[in-house]
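K.L.:
Numbers 3 to 175, taken from my numbering, label the letters of the sequence shown in order.
The following block contains the structure, expressed as structure tokens.
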Amino acid sequence: MAIYTEEARQRTKEMNEMRFMYEESPQYEQGYVMSEIIERFRKVVEHTKRPIEFHSDNFFNTLKRTELIQVLYFEIYHLVRMMHEIPVKYDAEEEFTKKEKKKPTKQELYDTKKSIEEMQKRREREKRKRRKLNAKLREAFDRGMALSKYGKKRDPYNKWWPVDYGWEIDHWW
Numbered sequence: 003m004a005i006y007t008e009e010a011r012q013r014t015k016e017m018n019e020m021r022f023m024y025e026e027s028p029q030y031e032q033g034y035v036m037s038e039i040i041e042r043f044r045k046v047v048e049h050t051k052r053p054i055e056f057h058s059d060n061f062f063n064t065l066k067r068t069e070l071i072q073v074l075y076f077e078i079y080h081l082v083r084m085m086h087e088i089p090v091k092y093d094a095e096e097e098f099t100k101k102e103k104k105k106p107t108k109q110e111l112y113d114t115k116k117s118i119e120e121m122q123k124r125r126e127r128e129k130r131k132r133r134k135l136n137a138k139l140r141e142a143f144d145r146g147m148a149l150s151k152y153g154k155k156r157d158p159y160n161k162w163w164p165v166d167y168g169w170e171i172d173h174w175w
């Protein structure tokens, strides 16, 4: 048991060093503020989506929920404003203002340009496909076949009688 506690202390010490290294950084602070914003937004959605239990308390519940949502809105507003101030706060510290910028090589520039052109061609192809599909749907809608994107399936008229298939009215089965 003593070995286990000693190993746990060692691991905790290593994790604390990592935590202290990353805790005072703009990324950590922005992540924390973002999690708070998401939590408050989740509460707003929860209050707006909850069904009314009794119609007799409708007015009071609506008033109470509106006030709660307003308080949460102001908290979210404040946190978003804080989020915009975090980079400004850390720009003064030398550790976070250093940004490594290296000039890209000609090959990297060429590869980037080529990949952008390929993405643009792919987008154009997808756009054309979407346009064609929308035109087909529009035509189908104009013909009154809007329920199915391929149009109504029409069965061919059957000109044969069941008698022709070997079934007779007078036949005793």
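No residue lacks a Cβ here, since even glycine has one placed at the ideal position from N, Cα and C.
Quick caveat: nothing in here was measured; it's all calculated off a predicted structure.
When the Cβ atoms of the segment 32-44 are set against those of the segment 78-96, are three or more pairs found closer than 8 Å?
P.N.:
yes
K.L.:
Please report the distance separating the alpha-carbon of phenylalanine 62 from that of glutamate 69.
P.N.:
11 Å
K.L.:
State the Cα-Cα distance for the pair arginine 130 and valine 46, rounded to the nearest angstrom.
P.N.:
41 Å
K.L.:
Assess contact between the segment 73-87 and the segment 10-21, defined as three or more Cβ pairs (one per stretch) separated by less than 8 Å. Is contact present?
P.N.:
Result no; under three Cβ-Cβ pairs closer than 8 Å.
K.L.:
Provide the residue span of the alpha helix (DSSP H) that contains proline 28, from first to last.
P.N.:
It spans 28-51 - the alpha helix (DSSP H) in which proline 28 sits, taken as one unbroken run.
K.L.:
From methionine 84 to arginine 44, what distance separates their C-alpha atoms?
P.N.:
19 Å
K.L.:
Return the Cβ separation of glutamate 25 and leucine 81 in integer angstroms, given the expectation that the two are a contact with Cβ distance under 8 Å.
P.N.:
Between leucine 81 and glutamate 25 the Cβ distance is about 19 Å, and since that is not below 8 Å, they are no contact.
K.L.:
Would you mind sorting arginine 42 into buried or exposed? The rule is 16 or more other CB atoms within 10 Å of its CB.
P.N.:
So arginine 42 ends up on the buried side.
K.L.:
Helix, strand or coil, according to DSSP, for glutamate 55 in the structure here?
P.N.:
coil
K.L.:
Can you grab the Cα-Cα spacing for the pair arginine 125 / glutamate 119, in whole Å?
P.N.:
10 Å
K.L.:
For threonine 50, which residues in the same chain have their Cβ closer than 7 Å to its Cβ, ignoring the five residues on either side in sequence?
P.N.:
Ile71
K.L.:
Looking at the secondary structure, which residues open and close the alpha helix (DSSP H) in which proline 228 lies?
P.N.:
Residue numbering for the chain in the displayed model covers 3 to 175; residue 228 lies beyond these limits and cannot be assessed.
K.L.:
For arginine 132, which three-state DSSP category applies?
P.N.:
Arginine 132 sits in a helix when the DSSP states are folded into three classes.
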